[in-house]
Ligand code: 13P
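Residue numbers (the numbering used here): 8 to 260.
Here it is in structure tokens:
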């Protein structure tokens with residue numbers, strides 16, 4: 008059985024103090040018995056990692072993620088954060104290829120492949136994002152685009168490396184808009200993603216890879232999304248900034 012995952016992506020929100028308070032509320036509520044087999048991930052700003060990491064109990068189901076990392080391990084890259092720095096802080100996962108980074112920082116397929124490799128090399132789990140803009144869906148080119156995003160950055164990984172990934176499908180038109188993909192649209196794409204993974208890496212790997220849905224997930228729609236057979240959880244933006252709402256989402260499996 009695949010892991011059930013509720014991952015909050017805080018993006019560039021909260022001061023370190025506010026973030027610590029939010030994290031402590033999430034951690035407290037996440038220890039509810041009903042969540043014992045759900046993995047809760049908080050993807051927090053770099054500045055918050057050290058203090059939040061200290062309050063996470065040594066259970067297996069509450070993890071901390073970074074929202075990006077640089078593709079090189081060190082060097083003259085002013086303002087950047089490397090994978091070894093994150094590993095040192097005890098980061099479990101790194102979100103890579105979020106559409107905001109592809110759009111605003113022009114992250115290329117090749118760069119994302121290098122980042123994926125560096126994150127894996129430093130024993131962290133990439134949460135690799137893909138997803139189309141509205142125009143691509145309207146042209147019915149969304150499946151081809153998602154296939155291109157995944158195959159161009161990930162399909163040179165070997166089976167052992169690929170098996171460690173988490174994939175997040177986040178249609179850009181659903182991010183921060185209040186418009187969620189219907190459960191049929193989400194399931195259709197998740198099934199498609201699992202299918203291309205099956206063709207490339209085989210059925211047993213494809214069955215193991217968690218595929219999260221992201222884009223306006225809220226307590227009200229989480230249950231119908233998470234009940235889809237190929238949706239293994241969510242990558243939640245805005246709604247993860249409220250501990251109670253986020254935990255409600257995590258309880259929606
Ligand atoms: P929202 O949940 O705010 O739509 O954001 C989704 C997202 O981008 C998570 O990475």
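Ideal Cβ placement from N, Cα and C applies to all residues, glycine included.
Check                                                                                                                : Outcome
Any heavy atom of the ligand 13P within less than 6 Å of residue CB: hits in chain order                             : 16, 105, 177, 182, 183, 221, 222, 223, 224, 242, 243, 244, 245 and 246
Those residues which DSSP pairs with residue 101 across a bridge                                                     : 73 and 133
Extent of the continuous beta strand (DSSP E) to which residue 47 belongs                                            : 45–50
Local Cβ density within 10 Å of residue 99, reported as buried at 16 or more and exposed below that                  : buried
Other residues of its chain near residue 200: CB distance less than 8 Å, five sequence neighbours each side excluded : 137, 153, 157, 174, 176, 218 and 237
Cβ pair count under 8 Å reaching 3, the segment 67–87 against the segment 157–167                                    : no
Beta-carbon spacing of residue 89, residue 105 below 8 Å                                                             : no
Exposure label - residue 50; buried when at least 16 CB within 10 Å                                                  : buried
Inter-stretch contact (C-beta, 8 Å, three-pair minimum) for the segment 180–193 and the segment 209–217              : no
Through-space distance from residue 229 to residue 182, alpha-carbon basis                                           : 15 Å
Where residue 204 falls, given that 16 or more other Cβ within 10 Å makes a residue buried                           : buried
Status (buried if at least 16 other CB within 10 Å, exposed otherwise) for residue 128                               : exposed
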